[in-house]
Amino acid sequence: MRARAASRLLAGGLAALALAVSGCAVVKDHKAKVTLQKTPPIHLAVIPKSVGLDYWTKVHDGAMCAARQMPGVEVTWNGVTDETDVVGQLNLLNNYIAQGVNGLVYAATDATAMTEVSTGAAKAGIKVVSIDSGTTPQPSNVPLIATNNIAGAELAAQELAKAIGPKGGKVAIIGFHAGTETNDQRVQGFEEELKKYPKLHMIGIQYSQNDYNTALTVTANILTANPDIKGLFAANESSDVGAVEAVRIAHMVGKVKIVGWDTSPDEVDGVKQGVVAGLISQDPFRMGYDGVRAAVAMLRHEKQPPNENTGAVFVTRRNLNNPVVRQFVTPVCGSPHRIDVG
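Written out as C-alpha cells, the structure reads:
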C-alpha cells in the first residue's frame, strides 16, 4: 500500500448520531409530562508519547476538536515530557485506569511494555484506542489509528534517491527511539526500499533519543567521519531539526540532501529555505480527532471501528500551498479535514 493511499473511516455521520442520542423525550402519562433521559457523560484520557513537540500539539488539537463536537464528552490530556520515559507513561496510564475513566486513547512509548496496559484496561471495562503507535501484540479489541509508517518510510527513501540523483552515494538514518513501533517501522521501511537503489549505500543509523541536541551531535559525528555523504533520512521532528542544524554548521547545505519526517514550523522553514528536500507529513490532528470519535463510538454504540491508516503526504517547497498539503501541515478544527490524498 502506498503512503498516499489513506483509508478514510469513521464518517461525519458518527457525530450526528451522537447528537441524536444525547437526549430524548419520554412521555410518562396522559398529561404529557416530559422527562429528559440524558446520555451518561463520557470521560476520556488522551495520552501522547510526550508533550511539547509540535506533532503532539496537533494530536491534542484534534482530540479537543472532536470532544467539542460531541456533547457529554470530556477529554483529559496528559503526558510525560520525554518519549523515552516508558515507566512514567506506564504509571500515568495505570493511574487513569485506577480512576475509572471510560476510555483511554494513547500512543505507546514502548510497543512491548504497554501491551499489558491495553489488555488490563479492556478487562476493566475501559475502552482503549491506540493512536500513532500501537503495541506488540496489538489486542484485537483495541483499534489502531495511525500512519502506515513502513509505506511512509518507503516514500522517504524514494524521494531521497531522487534528490541525490543517479550517481548515488552514502546515506544514513537519524532515528529517534529504538523499540518504539513508529521508529522501528520507519527504519525498516527505509532500509528495505533503499535496497532497490544499488548506488545508494547505507552507512549506519544513529538515534537522537528524541532530543534536538543529541540529533545535532550524532549527525555532526556522521558528517565528520563521512565528508562525502550524500543523504540523510531524519525520522522525526527532533531528529530532523538537529540534523539540519548540523548540516548548516558543517557548511554542507546542498551537498547533503535531507528528507525529514513531520512538519513543525522549524521543519517547514528548512523546506522553504532549501535545506531540506522534503518532509513526510503525517496527519496527527486526524489521529487525535478520530481516536476520540472511535472511543466514543465504542462506548455509546458498542461498535468497534476498524484499524485506520490516517495517511501521509510528501511536502516540498513546490506544494506547500496545495490545499491537501495545507490540511496536513496546518489543520483547523472548522475545516472539512476529510480530503482523500491517494
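Just so you know, the sequence shown maps onto residues 7 to 348 in this note's numbering. Virtual Cβ for every residue (Gly too), placed ideally from N, Cα, C.
Here the C-alpha atom of G248 lies approximately 25 Å from the C-alpha atom of A152. I156 is not bridged by DSSP to any residue.
For N101, the secondary structure class from DSSP, reduced to helix, strand or coil, is helix. The count of Cβ pairs closer than 8 Å, one atom from the segment 201-218 and one from the segment 257-271, stays below three, leaving the stretches out of contact. Straight-line measurement puts the Cα of V86 at about 6 Å from the Cα of G94. For V282, the number of other beta carbons within 10 angstroms of its own is at least 16, and it is reported as buried. Where G175 is concerned, the enclosing beta strand (DSSP E) starts and stops at G175 to G181. Excluding residues up to 5 positions away in sequence, F196, E199 and L200 lie with their Cβ nearer than 6 Å to the Cβ of A163 in the same chain. For V111, the enclosing beta strand (DSSP E) covers residues G109 to Y112. Where T223 is concerned, the enclosing alpha helix (DSSP H) starts and stops at Y218 to A231. Collapsing the DSSP output to three states places V123 in a helix. In the structure shown, N84 falls within a coil segment according to DSSP collapsed to helix, strand and coil. With contacts defined as CB atoms closer than 8 Å, A231 and I180 fail to qualify as a contacting pair. Taking the Cβ atoms as the reference, A73 lies roughly 5 Å from V79, within the contact range of under 8 Å. Segment contact: the segment 102-112 against the segment 127-139, three or more CB-CB distances shorter than 8 Å; contact assigned.
Taking C-beta separations shorter than 6 Å and ignoring five residues to either side along the sequence, the partners of H207 in its chain run K176, following chain order. The continuous alpha helix (DSSP H) containing L305 extends over residues P290 to H307.
In the same chain as T118, and ignoring 5 residues on each side of it, the C-beta atoms closer than 6 Å to its own belong to T142, in chain order. Rounded to the nearest angstrom, the Cβ distance from S214 to S244 is 5 Å, consistent with a contact under 8 Å. Within the same chain, and ignoring the five residues on either side of A226 in sequence, the residues whose Cβ sits closer than 8 Å to its Cβ are A252, I255 and A256. Cβ neighbours of N219 within its own chain (closer than 8 Å, five residues either side excluded): G248. When secondary structure is reduced to three states using DSSP, Y61 falls in the helix class. Ranked by how close their Cα comes to the Cα of P233, the residues D289, I209 and V335 have I209 in first place. Bounds of any beta strand (DSSP E) do not take in I255; it lies within the alpha helix (DSSP H) bounded by E243 to I255.
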